[in-house]
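K.L.:
Numbering (the working numbering), first residue to last: 9 to 151.
No residue lacks a Cβ here, since even glycine has one placed at the ideal position from N, Cα and C.
Only a predicted model underlies this, so the values are computations on that prediction, with no experimental measurement involved.
Below are the structure tokens for one structure; questions will follow.
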């Protein structure tokens, strides 16, 4: 995921175009926490999943405007991706076939994941009653 994101950003920089892939990824930091959390819909409905995802995405976009260091990744096509500094990020996306919204997160360590991603995201999701009642958030609560 990091390499794809890096290549997308570097494609826009003509000076980096001739650099080899190995040179480009040599300085990428390995992140200790790489997790995918899956949130099932409480009613098992694909329609609910689409509606809830749209509400979540809008809430995340608003939060990115106010919460440091959250920064919306506008180059993402899979869902909604937010950078949280030092190569760390999270991405929320819909399942293609199941009534599940998944959260992929990558962080330097568990404390950073909790502080920069899980706690603010949990506060956002629990502040919206339709989201709170439609998504099973237990896996995020127990992170």
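Leaving out the 5 sequence neighbours to the left and right, which residues in its chain are closer than 6 Å to residue 81 when beta-carbon positions are compared?
P.N.:
Contacts found: 89 and 91.
K.L.:
So does the segment 109-124 actually touch the segment 66-74, counting three or more Cβ pairs closer than 8 Å?
P.N.:
Flag = no, the segment 109-124 and the segment 66-74 do not touch.
K.L.:
Return the Cβ separation of residue 125 and residue 47 in integer angstroms, given the expectation that the two are a contact with Cβ distance under 8 Å.
P.N.:
Actually they are not in contact, since the Cβ atoms of residue 125 and residue 47 sit about 14 Å apart, beyond 8 Å.
K.L.:
In angstroms with no decimal places, state the Cα-to-Cα distance between residue 55 and residue 97.
P.N.:
Those two C-alpha atoms are separated by around 27 Å.
K.L.:
Can you tell me whether residue 61 is helix, strand or coil according to DSSP?
P.N.:
Reduced to three states, the DSSP call for residue 61 is helix.
K.L.:
Below 8 Å between beta carbons: does that hold for residue 71 and residue 111?
P.N.:
Cβ atoms of residue 71 and residue 111: not closer than 8 Å.
K.L.:
So, is residue 44 buried or exposed, given that buried needs 16 or more other C-beta atoms within 10 angstroms?
P.N.:
That one is exposed.
K.L.:
In whole angstroms, give me the CA-to-CA distance for residue 79 and residue 95.
P.N.:
Residue 79 and residue 95: Cα-Cα distance of roughly 12 Å.
K.L.:
At 3 residues or longer, and completely inside the segment 48-113: list those beta strand (DSSP E) runs for me, N to C.
P.N.:
Listed in chain order, they are 79-81, 88-93 and 96-102.
K.L.:
Out of 127, 145 and 100, state which residue places its alpha-carbon closest to the alpha-carbon of residue 58.
P.N.:
Closest option to residue 58, Cα to Cα, is 100.
K.L.:
Specify the secondary structure class of residue 38 as computed by DSSP and reduced to three states.
P.N.:
Correct three-state label for residue 38: coil.
K.L.:
Which same chain residues, not among the five before or five after residue 103, have their C-beta less than 6 Å away from its C-beta?
P.N.:
So no residue of the chain qualifies.
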